[in-house]
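Peer 1: Take a look at this one; I'll ask things after.
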Amino acid sequence: MATTSRMTAQSTTGTAPDPGVAAAAAARRTAEGFRGAAFPWYGLDGAFTGPRRLMQVGTAADGTVQHGAIGHGDEPSIRNEASAADKERFAVVVTVAASPVRRSGDGTGVLDATTVSSAAWLAGSGLLAHTWPPQLDHTLRDDWLDQQTETAFELADDLAGEEWSALSLPVDGVPTPFHYRESEFGWVLAGTAGNGVHIGAYGRGMSAYGLAFSAIEDLTPYM
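When the letters of the sequence shown are read in order and numbered with this note's numbering, they come out as residues 755 to 977.
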């Protein structure tokens, strides 16, 4: 699944772009992407009272929004200090539009089906993106990340495997089965909601066992 490319601010006056202006423009673009989705977004329910924020949106080649992530709690870092990572408390909820194999909107190709494995893969790779083992030299992180990402893909493709356990969590108040696994870097889970979306999540420092998910009616608190 393709993701939106990172936009960079350009100056037309020859001076350096204002970081605040660039950040505001990026935030508006992200919000527009979330609002342009044809499916509901999910986050932690009202029992979570900490900070919430929009993260990134993923789109197909024709611009159709396919998935996105919403953060709760601390903003994850990739600092390699073990003490910093130990103090982080966050959970990121990934919503993926459930869809079969279909032709792209512009008629130029075929879009893969999205399944609960898609949610598991996005959650697993998302956790890795915010992981940097303290014993690892920064020059080797890219190689490590490539290896771990391939492993996450294989695990997501085998949700019936022994690496995963069963976990039931509320989705819109209804107990829903999830696939769940833990690692030294955090936890990952994935399941299917009852309204045409798959839900993935990953986190550190917050127990997954006490989480509950609900559809987001208003994105304003996340901006």
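Every residue, glycine too, gets a C-beta built ideally from N, C-alpha and C.
1. Note down the Cα distance separating Asp896 from Leu921, rounded to an integer number of angstroms.
2. Going by DSSP, what residues sit across from Thr946 in a beta bridge?
3. With DSSP collapsed to three states, give me the class of Glu835.
4. Exposed or buried, what is Pro805 when buried is set at 16 or more other beta-carbons lying within 10 Å of its beta-carbon?
5. Buried or exposed for Ala836, going by 16 or more other Cβ atoms inside 10 Å?
6. Closer than 7 Å to a non-hydrogen atom of the ligand ATP - does that hold for the CB of Gly957?
7. Assuming Gly797 and Val847 make a contact with CB atoms under 8 Å, what is their CB distance in whole Å?
8. Check Trp795 in the structure and name its three-state DSSP category.
9. So, using beta-carbon positions, are Leu923 and Glu917 closer together than 8 Å?
10. Taking buried to mean at least 16 other C-beta atoms within 10 Å of its own C-beta, is Gln901 buried or exposed?
Peer 2: Result, derived from the coordinates:
1. Numbered from its first residue, the sequence shown carries residue 896 at position 142. Numbered from its first residue, the sequence shown carries residue 921 at position 167. The straight-line gap from Cα to Cα measures roughly 32 Å.
2. As a first step, residue 946 must be located in the sequence shown, where it is residue number 192. His952, per the DSSP bridge assignment.
3. Locating residue 835 in the sequence shown gives position 81, where the first residue counts as 1. Because the pLDDT at Glu835 is just 48, under 50, the model does not fix this residue reliably, and the point stays unresolved.
4. The count along the sequence shown starts at 1 and reaches residue 805 at position 51. Pro805 comes out exposed.
5. The count along the sequence shown starts at 1 and reaches residue 836 at position 82. With a pLDDT of 47 at Ala836, under the threshold of 50, the predicted position of this residue should be treated as unreliable, though the coordinate-derived value follows. So Ala836 ends up on the exposed side.
6. The model on display carries no ligand, and the ligand ATP is accordingly not part of it.
7. Position 43 of the sequence shown holds residue 797. Position 93 of the sequence shown holds residue 847. Confirmed, Cβ separation roughly 5 Å.
8. Within the sequence shown, the letter at position 41 stands for residue 795. Per DSSP, reduced to three states, the secondary structure at Trp795 is coil, with no helix or strand assignment.
9. Here the question's residue 923 lines up with position 169 in the sequence shown. Here the question's residue 917 lines up with position 163 in the sequence shown. Not in contact: Leu923 and Glu917 (Cβ atoms no closer than 8 Å).
10. Walking along the sequence shown from the start, residue 901 turns up at place 147. Flag for Gln901 reads exposed.
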